[in-house]
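Numbering-wise (the numbering used here), the sequence shown opens with residue 281 and increments by one.
Ideal placement from N, C-alpha and C gives every residue a C-beta, glycine not left out.
Report on one structure; see the data block that follows.
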Amino acid sequence: MQMKQREFKIDKETNFSEWYNTIIYGAELADIRYNVKGFVVFRPWAVAAMKRMYAAYEKELEKTGHGPAWFPALIPEKNLMKEAKHVEGFVPEVFWVEKAGETKLEERLAMRPTSETAMYPMYALWIQSASDLPLKIYHSSQVWRHETKATKPFIRSREFYWIEAHDVYATREESEAQVREDMQIARKVITQKLGVPFVFFQRPQWDKFPGALHTFAADTLMPDGKVIQQPSTHLLGQNFSKAFDISFTDEKGNKQFGWQTCYGPAISRIYASVISMHGDSKGLVLPPIIAPIQIVIVPIARKGSGDPLVKKALQIKEALEQKDWRVHIDSRDKTPGFKFNDWEMKGVPMRIEMGERELEKLSVTLALRDSGEKRTVLEKDLEKRVMQEAEAMTKRMLEKAEKWFTARLNTASTEKDLVKRLDKGGMVRIPFCTLEMNGMPCAESLKKKHAIDVRGTRYDQKEKPSGKETCVMCGKTAAVYVFAGRQY
Ligand SMILES: [Zn+2]
C-alpha cells in the first residue's frame, strides 16, 4: 500500500538547532515552558527510553562489582568545603537551601552538584581495613548546577539525570584499571547498544575535574560538527581520601589512604546524542533496545470490515509480547498515513502493516524505521524475522554513525589549517606544546581567537609527534598531539 510520506525537510547538519527543536516537540520528548528558568520537563516518551538506558548502564556496573546506593540530595556546606580544588570548581554553580519552613538553617545545605562530598564522609566510616576494599558504589540520581549557558533539553539544563560511580582501591594501579573499566563500560553501552561512537581523551591539566589527578572524557559529535562531551572518568588519586580521611590499616599496621575514581555517565546527555546521531528528516530513530514501543501494528481496514483484522492484530501482538517485545496496536480513528508519520516521528523501530490482502495471504508488511525498507513476511516467520531485523538495525545504525563520525576526524599542522578544517566541523588533531599547566596559554588563545577547545590526547592512540613538529600556537617543539574542536 502506497502512502504519501511527510518529511519536515530540515537538514540536521546545516540547520541543527531547528531540526532538534522540531524533534523535541514533534516526538513529545521535553518541554521547556516550566516556570523555573533552566529547568526542563522530560516527557514520557523520553523518560521511558532513558529508564532503559539507566537499566543497560546499571547492568554493566553491577556485572563489574558495583552496588547501588541512594545518597541524600542535600550536602552540608562544611562537607563541600573540604577539598580545595573541588570547592573552587563547583561552589559557583551550587543551589543552596537556607531555610526550613520559616526557620533559617544553622548551616547552609547544598543541592548536590555531584556527590563526592556526600558519599566520602560515609566512605571514611565504612573503610577501616584492607579487607573493606575495593569499595564500588554507584548512585543513579539527578544533580543540580546553576549553568549559565543557554538551556537546550537533554544537552544542558540546570537539573540533569545521571549515574555516578565512586570506587576506592588500596593501590594506584587498581584505580587506574578502574578508569579503563569505566571506558569499556561506556563503549559497551553507548557505542555497542546505542550506536553512538566516541573517542576517549585525556583532558589537559587545566580542564580536569576539580580535585582529580587526571580526567578522561569521551567526546562525540553533533550533526552540525560540534563536539559534545559524553561520560568522563576521573583518577582522583588520594586528594579526596586525604581530605575526608578515607584510610585503612595495611598488614604492617601502617595507615594508608585509599586510591579513588569517580565516573559520571549523564543519561540525559547521552540521550541527546542518540536523538542527534540517528534522527532524520522524518523524526527520531530509536535503537531497538531503548524504544518504549519497538513494534507498532497498524491494521489497515476498509470501512465495516475491520473485525478479522483487529483479531489478527491482537494475536500477533500477544505472540510477540510472549517473546518480550514491546508492541502497540494503533487503532485510532485516523488514516494510515497519519499513523505512519506519527510513529516515524517517534522513532519506533519496526511497523507491521496489515490489510485484508495480507490477511488472505497469511503475511504482513514489516517496515524498518532506520532504512525505510519494507519486507513482506509470512506470519509464521514473524517472531524470528523481528529478532533478526532488530539485530541488523542496531548494527546498521552503528555502522552508519561510525562512518559519519570517522570522516569528521582530521589532522592539521598549522593554526590556519586547523581553523579552515574546523569551519567544516569535526575534531582535528594538531601538534601541541604540552597538556601540563604551561600549555594553558596556547589553549586560551585558541579559544579566544577562534572559539576552539583543546580536548586532550587520544587515549587509545599513544602516537607522539616527531621532534620536528611544533605547537600550532607557540611554535615550541610539540610534545603531544591533541584533538581540538568547537564545543557544544
Ligand atoms: Zn603551545
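### Message
Residues in the same chain with beta-carbon distance under 7 angstroms from Ser553, minus the five sequence neighbours each way, listed in chain order, please.
### Response
So the qualifying residues of the chain are Val476, Thr500, Ile508, Gln510.
### Task
Tell me the start and end of each unbroken alpha helix (DSSP H) in the region 664-751 that is at least 4 residues and wholly inside, in chain order.
695-702, 720-730
### Task
Using the Cα positions of Gln458 and Pro711, report the straight-line distance between them to the nearest angstrom.
29 angstroms
### Task
State yes or no: is the C-beta of Phe524 within less than 9 angstroms of the C-beta of Lys416?
no
### Task
Report whether the distance from the Cβ of Thr694 to the nearest heavy atom of ligand 1 is below 8 angstroms.
For Thr694, the Cβ stays outside the 8 angstroms cut-off from all heavy atoms of ligand 1.
### Task
Excluding the 5 residues preceding and the 5 following Leu589 in the sequence, name in chain order all residues of the same chain whose CB lies nearer than 8 angstroms to its CB.
Pro579, Ile580, Ala581, Met634, Gly635, Glu636, Leu639
### Message
Checking 9 angstroms against the spacing of the C-beta atoms, do Ile555 and Val607 come in under that value?
### Response
no
### Query
Terminal residues of the continuous beta strand (DSSP E) containing Tyr761?
760-765
### Query
What's the call for Asp291, buried or exposed, on a 16-neighbour Cβ count within 10 Å?
With a 10 Å radius around the Cβ and a threshold of 16 neighbouring Cβ atoms, Asp291 comes out exposed.
### Task
Tell me, please, whether the region 386-405 touches the region 346-364 by the rule of three or more beta-carbon pairs shorter than 8 angstroms.
yes
### Task
Flag this pair as touching only if the region 430-437 and the region 310-327 have three or more C-beta atom pairs under 8 angstroms; answer yes or no.
yes
### Top-ranked residue by Cα proximity to His558, from Pro414, Lys289, Ile303
Ile303
### Message
So the candidates are Asn295, Leu309, Ser297; which of them puts its Cα closest to the Cα of Met625?
### Response
Leu309
### Query
Using the C-alpha atoms, what's the distance from Leu341 back to Glu598?
33 angstroms
### Task
Please look up how many angstroms separate the CB atoms of Tyr739 and Phe480, rounded, as I've assumed it's under 8 angstroms.
4 angstroms
### Query
I think Ile573 touches Ala593, with their Cβ atoms under 8 angstroms apart; what is that distance to the nearest whole Å?
So it is not a contact: roughly 14 angstroms between Cβ atoms.
### Message
Suppose you measure from the CA of Lys641 to the CA of Ala498; what does that come to, to the nearest Å?
### Response
50 angstroms
#### Entry: Lining residues of ligand 1 - beta-carbon closer than 5 angstroms to any non-hydrogen atom, in sequence order
Cys713, Cys722, Cys751, Met753, Cys754
### Query
Does the beta-carbon distance from Gly538 to Ile526 come in below 9 angstroms?
yes
### Query
From Ser643, Glu338, Thr294, Met707, pick the residue whose C-alpha is nearest to that of Ile547; which is it?
Glu338
### Task
Would you decide whether Asp530 is buried or exposed? Buried here means 16 or more other CB atoms lie within 10 Å of its CB.
exposed
#### Entry: Contacting residues, own chain, Cβ-Cβ under 8 angstroms from Glu456 (five flanking each side not counted)
Leu515
### Query
Whose C-alpha, out of Pro616, Val708, Asn718, Glu695, is nearest the C-alpha of Lys729?
Checking every option, the nearest Cα to that of Lys729 belongs to Glu695.
### Length of the line joining the Cα atoms of Lys614 and Trp623
For the pair Lys614 and Trp623, the Cα-to-Cα distance works out to about 13 angstroms.
### Query
When you compare each of Lys522, Leu413, Cys713, Tyr761 to Thr691 by their alpha carbons, which one comes out closest?
Tyr761 is the residue among Lys522, Leu413, Cys713, Tyr761 whose C-alpha sits nearest the C-alpha of Thr691.
### Task
Consult DSSP for Ile573 and reduce its assignment to one of helix, strand or coil.
When secondary structure is reduced to three states using DSSP, Ile573 falls in the coil class, being assigned neither helix nor strand.
#### Entry: Given 8 angstroms, three or more beta-carbon pairs between the region 407-421 and the region 436-449
Put simply, the region 407-421 touches the region 436-449. At least three CB pairs are less than 8 angstroms apart.
#### Entry: Cβ-Cβ separation, Glu357 to Arg323 (assumed contact under 8 angstroms), whole Å
So it is not a contact: roughly 35 angstroms between Cβ atoms.
### Query
Does the Cβ of Arg436 have 16 or more other Cβ atoms within 10 Å, making it buried, or fewer, making it exposed?
buried
#### Entry: DSSP-derived helix/strand/coil call for Gln464
helix
#### Entry: Beta-carbon separation (whole angstroms), Ala336 vs Lys473, contact threshold 8 angstroms
A Cβ-Cβ distance of about 6 angstroms is found for the pair Ala336 and Lys473, placing them in contact under the 8 angstroms criterion.
### Task
With Ser521 as the anchor, note down where its alpha helix (DSSP H) starts and where it stops.
519-524
### Query
Start and end of the alpha helix (DSSP H) containing Phe620?
616-625
### Query
In terms of residue numbering, what span does the alpha helix (DSSP H) encompassing His558 cover?
547-558
### Within 9 angstroms, strictly: CB atoms of Ile569 and Arg313
no
### Task
Look at the alpha carbon of Glu439 and the alpha carbon of Tyr551, and state the distance between them as a whole number of angstroms.
15 angstroms
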